[in-house]
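Position in the sequence shown (first residue = 1) + 132 = my numbering.
Note that the Cβ used here is the ideal one computed from N, Cα and C, for glycine as well.
Read the structure below first, then the notes.
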Amino acid sequence: MKSSKKEFIAEAEELLEESQRLILEIQDSFSAGVNPDTINALFRAMHTLKGVSGLFGLQGITNLSHALETLMDDVRLGKIEVDGRVVSFLFRNVDILKDIVDKLSQTDEETDSSAFIGDIESFRESLKGGGQPEAGGHGVDESIMKVLSEYEEHRLKANVKAGKGIYLAKAVFPLETFDTSLADLTKVIKTKGELISTLPTSTDVPEGSIGFNLLFGSPASLGDVKKDLPYDVELLVAPQSEEAHPAAPPPQPAQAGAQPETHLKSTTTTVRVDIEKLDRILNSIGELSLAKEAIRRIGTEMTETHGHTSLVYDVHKITQTLERRLAELQDQVLEIRMVPIGQIFSRLAQVVRRYSREIGKQIDLVMYGEDTELDKYLAEEIIDPLMHLVRNSLDHGIEPPDVRRAKGKRESGTVVLKAYQKGNHVVIELKDDGGGIDIGKVRKKAVEKGLLRADEELTEAETIDFIFTPGFSTKDVVSEVSGRGVGMDVVKEKLAMLGGFAEIETKKDVGTTFMLTLPITLAIIKALVVRVGEERFAVPLTSMSETLIVEHSEIQTIEWKEVFYLRGEMLPMIRVNRFFALPEGESDRSFAVVVGFGERKVGLLVDELYGQQEIVIKSLSEYLKKLRGFAGAAEIGKHEVILVLDIESLIDESIIKQRGAAHV
Numbered sequence: 133m134k135s136s137k138k139e140f141i142a143e144a145e146e147l148l149e150e151s152q153r154l155i156l157e158i159q160d161s162f163s164a165g166v167n168p169d170t171i172n173a174l175f176r177a178m179h180t181l182k183g184v185s186g187l188f189g190l191q192g193i194t195n196l197s198h199a200l201e202t203l204m205d206d207v208r209l210g211k212i213e214v215d216g217r218v219v220s221f222l223f224r225n226v227d228i229l230k231d232i233v234d235k236l237s238q239t240d241e242e243t244d245s246s247a248f249i250g251d252i253e254s255f256r257e258s259l260k261g262g263g264q265p266e267a268g269g270h271g272v273d274e275s276i277m278k279v280l281s282e283y284e285e286h287r288l289k290a291n292v293k294a295g296k297g298i299y300l301a302k303a304v305f306p307l308e309t310f311d312t313s314l315a316d317l318t319k320v321i322k323t324k325g326e327l328i329s330t331l332p333t334s335t336d337v338p339e340g341s342i343g344f345n346l347l348f349g350s351p352a353s354l355g356d357v358k359k360d361l362p363y364d365v366e367l368l369v370a371p372q373s374e375e376a377h378p379a380a381p382p383p384q385p386a387q388a389g390a391q392p393e394t395h396l397k398s399t400t401t402t403v404r405v406d407i408e409k410l411d412r413i414l415n416s417i418g419e420l421s422l423a424k425e426a427i428r429r430i431g432t433e434m435t436e437t438h439g440h441t442s443l444v445y446d447v448h449k450i451t452q453t454l455e456r457r458l459a460e461l462q463d464q465v466l467e468i469r470m471v472p473i474g475q476i477f478s479r480l481a482q483v484v485r486r487y488s489r490e491i492g493k494q495i496d497l498v499m500y501g502e503d504t505e506l507d508k509y510l511a512e513e514i515i516d517p518l519m520h521l522v523r524n525s526l527d528h529g530i531e532p533p534d535v536r537r538a539k540g541k542r543e544s545g546t547v548v549l550k551a552y553q554k555g556n557h558v559v560i561e562l563k564d565d566g567g568g569i570d571i572g573k574v575r576k577k578a579v580e581k582g583l584l585r586a587d588e589e590l591t592e593a594e595t596i597d598f599i600f601t602p603g604f605s606t607k608d609v610v611s612e613v614s615g616r617g618v619g620m621d622v623v624k625e626k627l628a629m630l631g632g633f634a635e636i637e638t639k640k641d642v643g644t645t646f647m648l649t650l651p652i653t654l655a656i657i658k659a660l661v662v663r664v665g666e667e668r669f670a671v672p673l674t675s676m677s678e679t680l681i682v683e684h685s686e687i688q689t690i691e692w693k694e695v696f697y698l699r700g701e702m703l704p705m706i707r708v709n710r711f712f713a714l715p716e717g718e719s720d721r722s723f724a725v726v727v728g729f730g731e732r733k734v735g736l737l738v739d740e741l742y743g744q745q746e747i748v749i750k751s752l753s754e755y756l757k758k759l760r761g762f763a764g765a766a767e768i769g770k771h772e773v774i775l776v777l778d779i780e781s782l783i784d785e786s787i788i789k790q791r792g793a794a795h796v
């Protein structure tokens, strides 16, 4: 993809995400009254998208965003009243724009938008007249009205109609500091009401200064307004509860010495960087890590051959310095890749609010831990699985209002999104207070599909695990919200690919909690190098909790499962050599690497532990990707390539094999 095209797509995606957030704000503020600043911000977003797409010669997007800009202009001028129809229409067309931008990222052909533009024009014409601007009777001097724009005049009349007072603040600032001083005054005015217009003036302004008349509406009285504004304030139209006050004395110039010092330097230090560039830097760091290990090995060999000479000492010092600087560089690059999970939660909030309206359920969304950071790549990859889970909670989990009433619950359901760091992992929890997963129904469906024998005994956790089977659904009626039974297997596959896993806690009529555990980053990881037979493998430290020495005589078999009693609890064991059909050793003891979390914790039996090492995981070729049990490959030592074990797929495959053995 050309760099210019990438720049446009990045800019367009930001604008469209911001547009969706603003539409949500509009929807949520119906009861309190829509904030005109939000309407204006949405208008500007469409205007900016029109300009950017025109700059890149994308006429279809330009025309579509222009049509939406025109619609928003009618809204901001009061010609169209904002209601649920307008919000739904805006949501739909922003989705259309997102779809066009997504397709543009995959192909150079731009989607024809003429049909969508026709829909917008028809919708706009059908609503015009529902909110015409107010007629005269505003009571403001005509000399002021003449310099107002159409939008400013509309906002003035809207404030008068709402019974607010209209005020004119007159301020004079030194030229050196007028920008910051005006910004500060504007902030104060916005706490009092709505800033309608900022008009420069030269009347009674001394040389070296600049004057402004700020027109604003506020429900407060003149006395209350003057308390926080150290400038001359004139009342033009009294609030409905106030009588007009006489004009105040002429303004006094502001004192130059009281103003803050101005700066020409830009306040933003943000640089947008393509994540592929950061990946290339991390790959280089990975190669340097291999070089560092080679230097360390050479230093050790020199010590053994020549003893502790000054040259050997220098090599040792250089190795330590290189190791320290590489660790700092690695941490800094990884920090750049981190993004707050709140970016993902805000998108999911849009899904919750939009779909709850479509299915007629009242949903309260609560979010915690939005500042928790996750690798940008992982954050983008996990959004689809999370969306499947959210839709599943809305459709399968939360009951309709009448059912909730019958159960003695609040009519509105609650969905909780929570994120927190746990060691080298990030845990994302999605909790609802719905009806919970019907274990009996899951078991019945599993038997119907031939996944389970009718007389086979399973734990509750093993039964729930069936919902991750492709095409598995307990829903009798297909819904557009939760899909067609293809969502949950996508969740599991994506998590396994990212080195994460899912756990489920559910209780009938209380609710369900999905817990997704992910590594913070996939870039450079620490791994334990182990030997199984004559082969060496890498086990990611992020999936490990401890290592043990296990006597084979202490391993027991219970229901076709090999287990080892660890601190009073049964730990399932996986013999890695049998799993990969490798020759078995003759020793009566093995090392056990304890991996996984919660009920999915197992021990991997290996022959030898070599110690931990930093590795860069390289993906396997397309031909080898279908091999289960491997997350990729890594280079260690003297350019030796070893396979990295995929812990989640090992656990899953062992469970399937144990079930197969149980059926024999």
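Exposure of residue i, with buried meaning 16 or more beta-carbon neighbours within 10 Å
i, result
"proline 704", "buried"
"tyrosine 363", "buried"
"tyrosine 755", "exposed"
"arginine 585", "exposed"
"isoleucine 783", "buried"
"threonine 239", "exposed"
"valine 609", "With a pLDDT of only 49 at valine 609, under the threshold of 50, the placement of this residue in the model should not be trusted; the figure read from the coordinates follows. That one is exposed."
"tyrosine 283", "buried"
"glycine 343", "buried"
"alanine 247", "exposed"
"glutamine 372", "exposed"
"valine 547", "buried"
Selected residue, minimal CA-CA separation from residue i, among the options
i, options, result
"glycine 192", "Ala352, Asp231, Lys577", "Asp231"
"arginine 732", "Ile774, Leu680, Glu635", "Glu635"
"isoleucine 158", "Phe223, Leu190, Ile774, Ala142", "Phe223"
"methionine 204", "Lys235, Asp169, Asp234", "Asp169"
"proline 472", "Arg489, Leu648, Met499, Leu506", "Leu506"
"alanine 551", "Ile417, Val522, Leu648, Gly566", "Leu648"
"threonine 451", "Leu420, Gln464, Phe712", "Leu420"
"leucine 497", "Val233, Asp565, Ile690", "Asp565"
"isoleucine 515", "Gly764, Ser220, Lys750, Leu627", "Leu627"
"aspartate 621", "Lys576, Phe633, Ile599, Ile328", "Ile599"
Limits of the unbroken alpha helix (DSSP H) element including residue i
i, result
"aspartate 231", "216-238"
"glutamine 452", "442-469"
"asparagine 345", "Premise fails: asparagine 345 lies in the beta strand (DSSP E), 341-350, not in any alpha helix (DSSP H)."
"serine 722", "Here serine 722 belongs to no alpha helix (DSSP H); instead the beta strand (DSSP E) covers 721-727."
"glutamate 419", "407-438"
"isoleucine 514", "508-524"
"valine 292", "282-293"
"alanine 593", "592-596"
Three-state class that DSSP yields for residue i in the structure shown
i, result
"isoleucine 749", "coil"
"serine 677", "strand"
"serine 329", "strand"
"glutamine 372", "coil"
"histidine 198", "helix"
"alanine 713", "coil"
"glutamate 667", "strand"
"threonine 649", "strand"
"lysine 278", "coil"
"alanine 481", "helix"
"leucine 190", "coil"
"lysine 137", "helix"
N- and C-terminal bounds of the beta strand (DSSP E) containing residue i
i, result
"glutamate 253", "That residue, glutamate 253, is in no beta strand (DSSP E); its alpha helix (DSSP H) goes 246-259."
"valine 664", "656-664"
"serine 313", "It is not in any beta strand (DSSP E) - serine 313 instead sits in the alpha helix (DSSP H) that spans 310-324."
"proline 704", "701-707"
"glutamine 494", "Counting along the chain, glutamine 494 falls outside any beta strand (DSSP E), and DSSP gives it neither H nor E."
"proline 306", "297-306"
"histidine 557", "557-564"
"glutamate 213", "First-last for glutamate 213: undefined, no H or E at that position."
"alanine 766", "762-768"
"glutamate 772", "772-777"
"alanine 634", "633-639"
"glutamate 694", "693-698"
"alanine 554", "Just to set this straight, residue 554 is lysine in the shown sequence, not alanine. Lysine 554 -> beta strand (DSSP E) spans 545-554."
Contact belief for residue i with residue j at Cβ below 8 angstroms, rounded distance in angstroms
i, j, result
"lysine 640", "glycine 568", "5 angstroms"
"glutamate 592", "isoleucine 571", "6 angstroms"
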